[in-house]
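Below is one structure, written out as structure tokens, with a few remarks after it.
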Amino acid sequence: MDILHALIVLANFIIVPAIAYGSQLALGALGITLVVGVLRFSNFAHGETMAFGTMIVILMTWLFTAMGLSIYPLPTALLALPFGIIGCIAIVLLTDKFVYKFYRKAKSTPVVLVMASLGVTFIMNGLIRFIIGPGDQRFADGARFIIKARDFKTITGFKEGLAIKVTQSITLVTAIIVVAALFWFLNKTRTGKSMRAYSDNEDLALLSGINPERVVMITWIIVAILATIAGTLYGLDKTFKPFTYFQLLLPMFAAAVVGGLGSPVGAIVGGFVIAFSEISFTYAYKKVFTYILPTDWAPTSLVQLLSTDYKFAVSFSILVLVLLFRPTGLFKGQST
Amino acid sequence: MNYRNISLFGMIFVFLIIVGFSQSWNVAFGLLNLCLLSAIMALGVNIQWGYAGLFSIGTVGFVALGGVAAVVTSMPPVEEAWRTGGPGILTALLTATVTIIAASQIWKRVPAGILRNILMIVVLVGGFFLFRAMLDPAAAIIEKINPAGEGYLGGLGLPVLFSWLVGGLFAAGAAWVIGKISLGLRADYLAIATLGIAEIIIAVIKNEDWLTRGVKNVIGIPRPTAYEVDLQQSETFIKNVNWLGMEVIEASSLYVKFSYGILFVIVLAIILWMSEKALNSPWGRMMRAIRDNEEAAEAMGKDVTKRHLQVFILGSAVCGIAGAMMTSLDGLLTPQSYQPLRFTFLIWVMVIVGGSGNNWGAVLGGFLLWFFWVEVEPIGHWILSILTSGMAEGSSLKEHLLDSAAHMRLITMGAILLLTLRFAPKGLIPEK
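These protein sequence lines map, in sequence, to chains G and F.
Numbered by the working numbering, the letters in the first sequence go through residues -1 to 334 in order.
Numbered by the working numbering, the letters in the second sequence go through residues 957 to 1388 in order.
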């Protein structure tokens, strides 16, 4: 019985949040990994791309709420999502046209592209702060919980509650749909195949008549879609704050590197690895141990491996371990 | 140095003199001091990027480590904290060091395989728990001692000038660890790893109250110069000021800023001289050869990874020195002020605009961009107030736009970087 209680505590505080966070990271890391695969540089503006798409979603959500539109119990943001995606695609294609295209044509080294992406990061970040401000925005409306902790207790009779938020389940369902659609696209359609061919071997792909500019454009469109969805889901689940999205870069890159840069499957696995480690290393296990240990062994401290302020340290350590032991990542991405 | 470069530098001094006459000499000297610091940081980044083409975006972390060095070396020790918690902290740090050494020895000596992996995990996990078991109680004791004013270990009470060197050493140590891990892999791994280490360093400074008092800030870091209060009571100083016909209070703060300025100029001159010597030596030529064509340099028998590590450590050390100098100029350590935008990105823009690969260019970029950085906000506000002058008073859009002027900095700096990178990638003073 006590073991069961301990498991419920774990599920409530680690497994459910980590699945949601992991899906968000996975979608973010997929965007990063696609840019690395096709455009061959690490896009430091990815966090900002997410924030930009999410910002448009938020603005449209406000507009819809003002108009009285709602899809209760789902959050209105889902209705605004397509607009966010369109806005994000527009800005991403514009940056490609005015910034990255030049370096691609000039065959610059990846480092120059990375640096340009840093410049893009700051312009986008400035724009976002300019439009929506640097503060926190909550835009999740609709029902909040599928199961409340208290209801769970009364229904099951357990002493511990298990709460599942609507946003968490939306995150998981959306992530599954998006990932399935992406893999269908990459593996079954002609365009998707040409993208993979281009990513595997640029010269051969060019020789077989693939139009590189088209591949690049489609990649950016997919990246914008993924980024907006990931950003909106993250914002719904937590809150939207421009600086937080910049800080998401580290866990997302860690996820992409763990999975192997350039490998879509790797990015998804990496996202969950990072999310589960981050949450389980920073969770205070006192309650769990109180249940499973004999009463007089119960811990007096929090039994927390690291304080939550060090969650970056977790993604960073994982990143370092991967770089040291397996620079190609779990799924053999590009390494050099 | 040709006439063009001299006139570029001259232009900045004209700006400063204009500020001196139009606003006040105090403002002008304050600006000059930060220009000098920015120039040193820019030299540090230039060593990494300009000489060797290393893309490190963790400058803010190294600068912050310099700030910690200023506290740890120069603050007076808190006797009680050292007596009660000191041994615990020291044993904890010793444990951490021993763990890391043990792990790296296992990595080197035990043949690869399951045995090595198990040993590594046992040593690292065991070491971590031992470290926490010793650190936590000691930290708790220290943080309870007079939390309003102390609640930390204090420092070693050494002269603050010495801490500038220590700042360099701290940054060099961190750079060595990061470099060891990420150099030799694909180029952007260094960027990701430095981004991460910077976030962690800042998280440590914000949260480890026993070391840096965290967000409670450390104030009253000793100065290498005189204090205004002492000057205002010194008779010789008052006599001299009266002879010059200045006000005592203004003159005293001017005197302090001026003495900092002289110290900073000396440090900048030393670092600049050494950088110039290094760049024009066989070592500098080898670095540039490696940067321009790694394969060719490797084929000539150069150990690229080792050279990269060397130059990465040197550049980070320079940033650490500048960080310690900045903290001793402010006289306080405020962890929240370490923003990546201000200490990583701005410095990068300085190097790119000034001319990467050229030390004088980096110095020029440091001066120019700092000046610009300070002025962008008022200029942005001015532009927006002109643009919005046609709008109705009190309209919410107008207010929103005027409030957002502060974010103009981000956009302008990003735009400057992109434009320079695209249209003048060599910068104002190109590499020879």
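We put the CB at the ideal spot given by N, CA and C, even for glycine.
When we look at the beta-carbon of residue i and count the other beta-carbons within 10 Å, is it buried (16 or more) or exposed?
i	result
Glu158(G)	buried
Arg1263(F)	buried
Pro1067(F)	exposed
Ser963(F)	exposed
Met217(G)	The sequence shown places Thr at residue 217(G), not Met. Thr217(G) comes out buried.
Ala1096(F)	exposed
Pro1386(F)	exposed
Thr1051(F)	buried
Ile168(G)	buried
Lys309(G)	buried
Ser299(G)	exposed
Met1369(F)	buried
Ile1335(F)	exposed
Asp134(G)	exposed
Val1133(F)	exposed
Ala1366(F)	Contrary to the premise, residue 1366(F) reads as Leu rather than Ala in this sequence. Its Cβ being crowded by 16 or more others within 10 Å, Leu1366(F) is buried.
Arg960(F)	exposed
Lys105(G)	exposed
Asn1002(F)	buried
Given the structure, does residue i come close to the ligand MN, in the sense that its CB is under 8 Å from one of the ligand's heavy atoms?
i	result
Ser299(G)	What this structure holds is no ligand at all, so the ligand MN is not there to describe.
Whose C-beta lies closer than 7 Å to the C-beta of residue i among residues of the same chain, with five residues either side of it excluded?
i	result
Phe1299(F)	Thr1015, Val1016 and Val1019
Tyr196(G)	Val36, Ala203, Ile208, Pro210 and Val213
Val975(F)	Val983, Ala984 and Leu987
Glu1206(F)	Asn982
Gly1257(F)	none
Val301(G)	Ala282, Tyr283, Lys284 and Phe287
Trp1005(F)	Phe1011, Val1307 and Ser1312
Leu1224(F)	Leu992, Ala995 and Ile996
Between which two residues does the alpha helix (DSSP H) carrying residue i extend?
i	result
Phe100(G)	Lys99 to Lys103
Glu1106(F)	Careful: Glu1106(F) lies outside any alpha helix (DSSP H) and carries neither H nor E.
Asp1248(F)	Pro1238 to Asp1248
Ala1068(F)	Note, Ala1068(F): premise wrong, no alpha helix (DSSP H); not H, not E.
Arg1378(F)	Met1364 to Phe1379
Val207(G)	Here the sequence assigns Gly to residue 207(G), which means Val is not the residue at that position. Careful: Gly207(G) lies outside any alpha helix (DSSP H) and carries neither H nor E.
Gly26(G)	Val14 to Leu37
Glu1232(F)	Val1204 to Leu1235
Lys285(G)	Lys284 to Ile290
Trp60(G)	His44 to Met65
Lys1123(F)	Residue 1123(F) is actually Gly in this sequence, not Lys. Residues Val1116 to Ser1138.
Pro73(G)	Counting along the chain, Pro73(G) falls outside any alpha helix (DSSP H), and DSSP gives it neither H nor E.
Ser978(F)	Tyr959 to Ser978
Val1260(F)	Val1260 to Asp1286
Gly1014(F)	That residue, Gly1014(F), is in no alpha helix (DSSP H); it is neither H nor E in DSSP.
Only counting the same chain, and skipping five residues up and downstream in sequence, which positions put a Cβ closer than 6 Å to that of residue i?
i	result
Ser333(G)	Reliability fails at Ser333(G), whose pLDDT of 46 lies under 50, so the model's placement of it is uncertain and the value that follows must be treated cautiously. Correct list, in chain order: Pro325 and Thr326.
Gly233(G)	Thr52
Leu303(G)	Phe279
Ser21(G)	Thr169, Leu170 and Ala173
Gly1041(F)	Ala1094, Ile1097 and Ile1098
Anything in chain B within Cβ reach of residue i, meaning under 9 Å, just list it in chain order.
i	result
Asn123(G)	The chain labelled as chain B is not found among the protein chains of the depicted structure, namely G and F.
Who are the near neighbours of residue i in its chain, counting only those whose CB is closer than 8 Å to its CB and skipping five residues on each side?
i	result
Ser206(G)	Ala195
Arg1072(F)	Ile1062, Trp1063 and Val1066
Tyr1411(F)	Absent from the structure is residue 1411(F), since the part of chain F shown begins at 957 and ends at 1388.
**Message:** Ignoring anything shorter than 4 residues, give me the alpha helix (DSSP H) runs that lie fully in the region 1292 to 1359 of chain F, in order along the chain.
**Reply:** For the region 1292 to 1359 of chain F, whole alpha helix (DSSP H) runs of length 4 or above, ordered along the chain, are 1302 to 1310, 1315 to 1343 and 1352 to 1359.
**Message:** Restricting to runs no shorter than 4 residues, where is the alpha helix (DSSP H) found entirely within the region 104 to 192 of chain G?
**Reply:** Qualifying alpha helix (DSSP H) stretches, in chain order: 108 to 130, 147 to 154 and 164 to 186.
**Request:** Run through the region 1152 to 1191 of chain F for me and flag every whole beta strand (DSSP E) of 3 or more residues, listed as ranges in chain order.
**Result:** As summarised for the region 1152 to 1191 of chain F, there are no continuous beta strand (DSSP E) elements at least 3 residues long confined to that stretch.
**Prompt:** Three or more beta-carbon pairs under 8 Å between the region 1309 to 1327 of chain F and the region 964 to 979 of chain F, yes or no?
**Reply:** Cβ pair count under 8 Å is three or more, so yes.
**Asked** Residue ranges of each alpha helix (DSSP H) run of no fewer than 4 residues wholly in the region 210 to 269 of chain G, ordered along the chain?
**Response** Runs of the alpha helix (DSSP H) inside the region 210 to 269 of chain G: 210 to 235, 240 to 245 and 247 to 257.
**Message:** Does the contact criterion of 3 or more C-beta pairs under 8 Å hold for the region 997 to 1015 of chain F versus the region 1133 to 1146 of chain F?
**Reply:** Yes, they touch.
**Message:** Across the region 222 to 240 of chain G and the region 41 to 48 of chain G, are there enough close Cβ pairs to call them in contact, namely three or more that are closer than 8 Å?
**Reply:** Remark: three or more beta-carbon pairs, one from each stretch, lie closer than 8 Å, so the region 222 to 240 of chain G and the region 41 to 48 of chain G are flagged as touching.
**Message:** Could you check whether the region 233 to 251 of chain G touches the region 288 to 300 of chain G, counting it as contact only if at least three pairs of C-beta atoms, one from each stretch, sit closer than 8 Å?
**Reply:** Proximity of the region 233 to 251 of chain G to the region 288 to 300 of chain G falls short of the contact definition, fewer than three beta-carbon pairs being nearer than 8 Å.
**Item:** Touching by the beta-carbon criterion (3+ pairs, under 8 Å), the region 268 to 284 of chain G and the region 20 to 27 of chain G
**Value:** Result yes; three or more Cβ-Cβ pairs closer than 8 Å.
**the region 1160 to 1168 of chain F contacting the region 1090 to 1110 of chain F, beta-carbon criterion three pairs below 8 Å** = A contact is defined here as three or more CB-CB pairs under 8 Å, and the region 1160 to 1168 of chain F meets this definition with respect to the region 1090 to 1110 of chain F.
**Asked** Counting Cβ pairs, one atom from each stretch, are 3 or more of them under 8 Å apart for the region 1267 to 1287 of chain F and the region 1346 to 1356 of chain F?
**Response** Contact between the region 1267 to 1287 of chain F and the region 1346 to 1356 of chain F is absent, because fewer than three Cβ pairs lie under 8 Å.
**Asked** If we count Cβ pairs, one from each stretch, closer than 8 Å, do we get three or more for the region 1024 to 1031 of chain F versus the region 1170 to 1181 of chain F?
**Response** Three or more Cβ pairs drawn from the region 1024 to 1031 of chain F and the region 1170 to 1181 of chain F lie within less than 8 Å of each other, which places the two stretches in contact.
**Asked** Is it a yes or a no for the region 1192 to 1203 of chain F touching the region 1042 to 1062 of chain F, going by three-plus beta-carbon pairs under 8 Å?
**Response** Verdict: no, contact absent.
**Message:** If contact is defined by three or more beta carbon pairs under 8 Å, each pair taking one atom from either stretch, is the region 244 to 260 of chain G in contact with the region 54 to 64 of chain G?
**Reply:** Here the region 54 to 64 of chain G makes no contact with the region 244 to 260 of chain G; the two share fewer than three CB pairs at distances below 8 Å.
**Prompt:** Between the region 1119 to 1130 of chain F and the region 1231 to 1244 of chain F, are three or more C-beta pairs nearer than 8 Å?
**Reply:** In short, these stretches do not touch, since the Cβ pair count stays below three.
**Prompt:** Within the chosen definition, does the region 1210 to 1217 of chain F reach the region 987 to 996 of chain F through at least 3 CB pairs nearer than 8 Å?
**Reply:** Contact holds between the region 1210 to 1217 of chain F and the region 987 to 996 of chain F, because three or more Cβ pairs, one in each stretch, are under 8 Å apart.
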